[in-house]
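Quick note on our numbering: the sequence shown kicks off at 22 and runs consecutively.
Don't be surprised by glycine CBs; every beta carbon is placed ideally from N, CA and C.
This report concerns only the one structure given below.
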Amino acid sequence: MLEQKRSAPDDDDGEQATLDLLASGELEVEGRLVDASNATLYCTITPPAGHGGAGSPPPGGFGGTGSPPKSRGGLGGIIPPGVHCVYKPIAGERPLWDFPMGTLAGREVAAYAVSRAAGWDVVPPTVMRDGPFGPGMCQLWIDHDTDLDLIALSRRTDHAGLRDMAVFDAVVNNADRKIGHLLPVTDGHLYGCDHGVCFAEDYKLRTVLWQWRGKTLPRRSLEALRRLNAQLGDGGLEAELSSLLTAGEIAATKIRVETLLKHRVHPYPPADWPAVPWPPV
22 MLEQKRSAPD
32 DDDGEQATLD
42 LLASGELEVE
52 GRLVDASNAT
62 LYCTITPPAG
72 HGGAGSPPPG
82 GFGGTGSPPK
92 SRGGLGGIIP
102 PGVHCVYKPI
112 AGERPLWDFP
122 MGTLAGREVA
132 AYAVSRAAGW
142 DVVPPTVMRD
152 GPFGPGMCQL
162 WIDHDTDLDL
172 IALSRRTDHA
182 GLRDMAVFDA
192 VVNNADRKIG
202 HLLPVTDGHL
212 YGCDHGVCFA
222 EDYKLRTVLW
232 QWRGKTLPRR
242 SLEALRRLNA
252 QLGDGGLEAE
262 LSSLLTAGEI
272 AATKIRVETL
282 LKHRVHPYPP
292 ADWPAVPWPP
302 V
């Protein structure tokens, strides 16, 4: 990418402004990511016509900070023109034997909701919306730091954000954490993408991040899990997830959170399921 690198918003106002833009902005498809197994479209998104153009928030609309501060590679709090996003229409999903047809987009949105509720912020802002090819998920495009060696990053044991990702994956039961799904940005924060095969009721954790298996969870992980457990218990997050997941999948998510809090260790690989996705990169 030749444009200035931007990470996702790092404050509540900025995140909400981005969500508003993703939900109701005008999508223009620029191309398709051909390596993706499901239809994954690279788009430019702009505020709806009549809202004064990008960067001009309408009353009650795109207020707040639309881009992270310049210290994080952003544009200093202005919704910039030509924001990019990924749009995955439900109509472009391929059938899977172990996930119901037409549910992958909702799982991506659910992964964002869980990440945000726990305070991990490992999933870029993601919404469900209608688009040029029907309903689907829309996620902020992250320009990752291409100078980093992703294979070397995936093997580190001293990266707090990577460890957050491993705990997040255990919670959402991620069946496809590949190295190429890691999106480090220039400020050091780490995002992840492609969470369509998460939240199965059966244990399906398949990841390249097994370096902490059996290790005691750090304090920051336990604090995040407690925040998530509290939000799952107060009904608000469960209500949000209920339109995206089945009741059984939500119940299984609660059990995974409670189990992690009870035992306070990273999970071990499943005995009857491939532990690493293929290909791993």
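DSSP on residue i, reduced to helix/strand/coil?
{"i": "I271", "result": "helix"}
{"i": "R198", "result": "strand"}
{"i": "G113", "result": "helix"}
{"i": "Q232", "result": "coil"}
{"i": "T4", "result": "In the structure as shown, the chain begins at 22 and stops at 302. Residue 4 is therefore absent and cannot be evaluated."}
{"i": "Y212", "result": "strand"}
{"i": "L125", "result": "helix"}
{"i": "E279", "result": "helix"}
{"i": "T167", "result": "coil"}
{"i": "L17", "result": "Residue 17 is absent from the structure shown; the chain starts at 22 and stops at 302."}
{"i": "E259", "result": "helix"}
{"i": "L183", "result": "helix"}
{"i": "T178", "result": "coil"}
{"i": "R93", "result": "Residue placement at R93 is flagged as unreliable, the pLDDT there being 36, under the threshold of 50; the coordinate-derived value follows with that caveat. In the structure shown, R93 sits in a helix (DSSP, three-state: H, G or I)."}
{"i": "L43", "result": "helix"}
{"i": "L48", "result": "strand"}
{"i": "G98", "result": "At G98, the pLDDT of 44 sits below 50, so the modelled position is not reliable and the matter cannot be decided from this model."}
{"i": "D293", "result": "coil"}
Give me, in chain order, the residues of the same chain whose beta-carbon lies closer than 7 angstroms to that of residue i; leave out the 5 immediate sequence neighbours on both sides.
{"i": "I200", "result": "L171, I172, S175, V229, P301 and V302"}
{"i": "W231", "result": "P290 and A296"}
{"i": "A131", "result": "F220, L262, L265 and L266"}
{"i": "T280", "result": "none"}
Using the Cβ count rule (16 or more neighbours within 10 Å means buried), how would you classify residue i?
{"i": "Y133", "result": "buried"}
{"i": "T237", "result": "exposed"}
{"i": "M158", "result": "buried"}
{"i": "V193", "result": "buried"}
{"i": "R137", "result": "buried"}
{"i": "E24", "result": "Any answer about E24 is weak, because its pLDDT of 32 lies below 50 and its placement is not dependable; what the coordinates show is given next. It is exposed - the Cβ of E24 has fewer than 16 other Cβ atoms within 10 Å."}
{"i": "P69", "result": "exposed"}
{"i": "V104", "result": "buried"}
{"i": "P38", "result": "Inspection of the sequence shows that residue 38 is occupied by Ala rather than by Pro. So A38 ends up on the buried side."}
{"i": "A268", "result": "exposed"}
{"i": "G257", "result": "exposed"}
{"i": "E36", "result": "buried"}
{"i": "L54", "result": "exposed"}
{"i": "A139", "result": "buried"}
{"i": "W141", "result": "buried"}
{"i": "A260", "result": "exposed"}
Using a C-beta cutoff of 7 angstroms, does residue i count as contacting chain B?
{"i": "L266", "result": "Although the question refers to chain B, the structure presented lacks it and comprises just one protein chain."}
Give the DSSP bridge partners of residue i, in chain order.
{"i": "H287", "result": "Per DSSP, none; premise fails for H287."}
{"i": "L62", "result": "R53 and Y108"}
{"i": "V148", "result": "C159"}
{"i": "E244", "result": "Answer is none; E244 lacks a bridge partner."}
Quick one: residues in its chain with C-beta nearer than 6 angstroms to the C-beta of residue i, no 5 flanking neighbours on either side, listed in chain order?
{"i": "L282", "result": "L246"}
{"i": "D190", "result": "R198 and T228"}
{"i": "V188", "result": "S242"}
{"i": "P116", "result": "M122"}
{"i": "L125", "result": "E114 and G217"}
{"i": "D215", "result": "H202"}
{"i": "I163", "result": "P145, L204 and Y212"}
{"i": "A273", "result": "E222"}
{"i": "P288", "result": "A191"}
{"i": "G155", "result": "P110 and A112"}
Just to confirm my understanding: we take residue i, look at its own chain, exclude 5 residues before and 5 after, and list those with CB closer than 8 angstroms. What are they?
{"i": "L243", "result": "L282 and R285"}
{"i": "V50", "result": "L62, Y63, C64, Y108 and P153"}
{"i": "D166", "result": "K26, P205, V206 and T207"}
(request) Determine, using beta-carbon pairs with one atom in the segment 158 to 168 and one in the segment 178 to 193, whether at least three such pairs fall under 8 angstroms. (result) no
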